[in-house]
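With this note's numbering, letter number 442 in the sequence shown gets 498, and the count goes up by one each step, no holes. Let me begin by presenting the structure, written as structure tokens, before commenting on it.
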Amino acid sequence: MAAEFRLAVSEVVETASFYAHFRLLEEGEAAPKATLRVCGGPACRMRGADQLHSALTGMGESSLRVEEAPCIGLCDHAPAALAGRVPVRGASLDAVRSALTGPPPNRPQPIPHDFRVWRRCVDGILSREAALAGLEASGLRGMGGAGFPAARKWRMVAALPGPRLVVVNADEGEPGTFKDRHFIETAPDRVLEGALVAAWVTDAEAIYLYLRDEYPDLHALLSERIKALPEGAPPIHLRRGAGAYVCGEESALIESLEGKRGLPRQRPPYVAEAGLFGRPTLVNNVETLYWVSRLLDEGAGLFTSRGRNGHSGLRSYSVSGRVRSPGVKIAPNGLTIAELIDEYCDGMEDGHHLVAYLPGGASGGFLPAHIRPPLAFGAIEEHGGFIGSAAVVVFSQADDLRQIARDLARFFAHESCGQCTPCRLGTVRAADIMERPAWDLARLDDLAHVMREASICGLGQAAPNVWQSLIRHFPEFAS
Ligand SMILES: Cc1cc2nc3c(=O)[nH]c(=O)nc-3n(C[C@H](O)[C@H](O)[C@H](O)COP(=O)(O)O)c2cc1C
Ligand code: SF4
């Protein structure tokens with residue numbers, strides 16, 4: 057490959073060794089027939105993922121490689137696994153075996169959509185300014201985690217000299233998040249339409265959709281739907297990730313799209329100014345684009361007439377863990393944890409009561425049952441966490457929060473790209489301290505301070521939320 061692409065061998069090796077889904081084989085070593093990836097996310101662990109991993113390893117099949125994988129986005133069907141390229145919901149030894157040999161499982165057909173919003177744009181019925189004003193009136197914010205106002209970002213990109221590009225972020229790696237899977241699975245045309253409208257408003261010449269490699273079924277579905285796009289649509293290039301959480305961070309994602317290691321860039325310039333191939337690039341999350349399509353179709357009232365506890369709009373919550381009905385809940389923005397569990401998840405599982413929850417996946421930190429702020433952007437920070445992509449993982453008296461925190465700290469240590477010292481060393485040192493019988497709280501605090509202040513990207517800045525929130529709200533688990 058190095059010779060073919062005129063690269064140094066080291067450049068090929070550093071890229072190949074960066075991603076979890078690439079494997080460097082020794083000369084003469086045979087590739088495994090299939091890799092079995094058992095999800096090690098919090099929801100899967102509480103439902104027996106470790107036992108499944110041991111059972112699969114115990115099969116003694118040398119042609120199969122068994123690995124623990126970071127969250128694979130099937131938390132509402134825990135425990136989950138990937139058998140080769142087949143997602144296995146409610147995974148057991150038998151289910152994984154039959155996934156390897158049997159036909160792929162039937163999935164519900166997505167709801168087709170006629171791209172009427174995009175057609176109204178190109179037919180001159182909906183002007184660029186009217187589209188932007190519509191989004192502004194709705195108050196739509198980016199659903200990838202940071203909550204940046206969508207229309208403001210579109211205006212910024214549109215004002216820069218072309219040619220411009222649009223990138224759809226479908227990397228969805230935050231443990232506990234599976235909403236993008238839901239939107240692509242159930243309404244792929246809405247997501248694609250949102251991207252077409254974004255490209256039209258910003259006058260972008262192409263769209264790149266970066267989909268995590270853990271979603272092979274969605275890759276097939278999107279390839280089909282992209283082929284069926286209406287005539288005149290700009291090209292949508294579907295690209296696969298290769299198993300790296302950090303590639304969800306937009307500048308790392310751009311690097312990855314360019315074929316390199318997913319190292320977040322030092323800013324400025326921001327990707328809006330110099331993104332993919334050095335061009336101004338608009339990056340939006342799958343869910344943001346889904347709402348673009350619906351809001352410009354149904355009007356800003358879809359958001360302004362809804363909301364709860366002083367917050368407006370609708371949003372998705374990916375709910376997993378100890379609730380009766382886990383899943384993606386499309387519900388008013390700003391619900392409290394009690395409202396979300398009681399009104400949308402049929403309550404707690406029998407015999408379990410709420411002890412703690414992650415409001416925003418691993419990065420968002422733990423909250424105790426009695427602290428119930430609105431689950432909305434900016435409302436959780438005073439308690440030491442954030443909502444991010446609203447990956448709500450619910451824990452009960454049956455769960456060992458200390459062990460869960462250790463697993464999450466290990467996750468960040470594993471996923472750190474290693475580019476900056478505070479995060480590369482801080483995540484590993486914190487995870488090591490948390491393995492010990494007694495935690496050195498002063499050292500954990502010190503590491504958290506340095507990581508927050510001096511890490512390049514959000515991974516290193518947010519990772520300390522795991523231990524800092526446990527120390528703050530659950531001192532009995534963190535000593
Ligand atoms: C470590 C890290 C991981 C991220 N992962 C994702 C992700 O998987 N999906 C996503 O849309 N945004 C993710 N983001 C946020 C993106 O950097 C970016 O803000 C987002 O894609 C912008 O789209 P939006 O404005 O529609 O939210 C991540 C950020 C960080 C720091
Ligand atoms: S904070 Fe961590 S993930 Fe982000 S650039 Fe630094 S080392 Fe990489």
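Glycine included, every Cβ here is placed at the ideal spot set by N, Cα and C.
Asked                                                                                                                                                                                  : Found
State whether the stretch 229-239 contacts the stretch 123-142, with contact taken as three or more CB pairs (one from each stretch) at a distance under 8 angstroms.                  : yes
Quickly, what does DSSP pair residue 293 with across the bridge? List them, please.                                                                                                    : 264
Please state if the CB of residue 380 and the CB of residue 405 are separated by a distance shorter than 7 angstroms.                                                                  : yes
Please report the distance separating the alpha-carbon of residue 95 from that of residue 470.                                                                                         : 15 angstroms
So is the beta-carbon of residue 302 under 6 angstroms away from any non-hydrogen atom of ligand 2?                                                                                    : yes
Measure from the alpha carbon of residue 534 to the alpha carbon of each residue in 506, 456 and 511, then state which is nearest.                                                     : 456
Please confirm whether any heavy atom of ligand 1 lies closer than 6 angstroms to the CB of residue 396.                                                                               : no
Quick one: what does DSSP say residue 258 is sitting in, helix, strand or coil?                                                                                                        : coil
Between residue 424 and residue 529, is the Cβ-Cβ spacing less than 7 angstroms?                                                                                                       : yes
Determine whether the beta carbon atoms of residue 440 and residue 525 lie at a separation below 7 angstroms.                                                                          : yes
Could you tell me if the beta carbon of residue 310 falls within a distance shorter than 6 angstroms of some heavy atom in ligand 2?                                                   : no
Provide the residue span of the alpha helix (DSSP H) that contains residue 302, from first to last.                                                                                    : Premise fails: residue 302 is in no alpha helix (DSSP H) and is neither H nor E.
Run the CB neighbour count on residue 341, radius 10 Å, all protein chains shown included, and call it buried at 16 or more, exposed below.                                            : buried
Measure the C-alpha to C-alpha separation of residue 356 and residue 157 and round it to an integer number of angstroms.                                                               : 48 angstroms
Taking just the CA atoms, how far does residue 479 sit from residue 523?                                                                                                               : 14 angstroms
Terminal residues of the continuous alpha helix (DSSP H) containing residue 66?                                                                                                        : 65-74
Kindly indicate which residue of 422, 66, 300 and 351 has the alpha-carbon position closest to the one of residue 247.                                                                 : 351
Is residue 537 near ligand 1, in the sense that its beta carbon is under 6 angstroms from a heavy atom of that ligand?                                                                 : Residue 537 lies beyond the range of the chain shown here (57 to 535); nothing can be said about it.
Give the straight-line distance between the Cα atoms of residue 475 and residue 319, rounded to the nearest whole angstrom.                                                            : 7 angstroms
Does residue 169 pass the burial test, meaning 16 or more other C-beta atoms within 10 Å, or should it be called exposed?                                                              : buried
Could you compute how far the alpha carbon of residue 178 sits from the alpha carbon of residue 414?                                                                                   : 43 angstroms
What residues are listed by DSSP as bridge partners for residue 377?                                                                                                                   : 450
Measure the CB-CB distance between residue 345 and residue 195 and report whether it falls below 7 angstroms.                                                                          : no
Is residue 134 helix, strand or coil by DSSP?                                                                                                                                          : coil
Let me check you understand the geometry: is the CB of residue 369 closer than 6 angstroms to at least one non-hydrogen atom of ligand 1?                                              : no
With contact counted as at least three CB pairs below 8 angstroms, one residue from each stretch, are the stretch 106-123 and the stretch 58-65 in contact?                            : no
For residue 144, does the three-state DSSP call read helix, strand or coil?                                                                                                            : strand
Report the partner residues of residue 386 according to the DSSP bridge assignment.                                                                                                    : 372
Does any heavy atom of ligand 1 sit closer than 6 angstroms to the C-beta of residue 267?                                                                                              : no
For residue 269, count neighbouring C-beta atoms within 10 Å of its own C-beta (all shown protein chains included) and say buried if the count is 16 or more, exposed if not.          : buried
Residues in its own chain within less than 6 angstroms of residue 199 by CB, not counting five upstream and five downstream?                                                           : 341, 343 and 344
Relative to ligand 1, is the shortest distance from any of its heavy atoms to the C-beta of residue 131 smaller than 6 angstroms?                                                      : no
If contact is defined by three or more beta carbon pairs under 8 angstroms, each pair taking one atom from either stretch, is the stretch 218-232 in contact with the stretch 259-267? : yes
On a CA-only basis, which of 407, 453, 389 and 452 is nearest residue 434? Give me that one, please.                                                                                   : 389
Contact between the stretch 441-449 and the stretch 358-377: three or more CB pairs below 8 angstroms?                                                                                 : yes
Exposed or buried, which one is residue 93 when buried takes at least 16 other CB atoms within 10 Å?                                                                                   : buried
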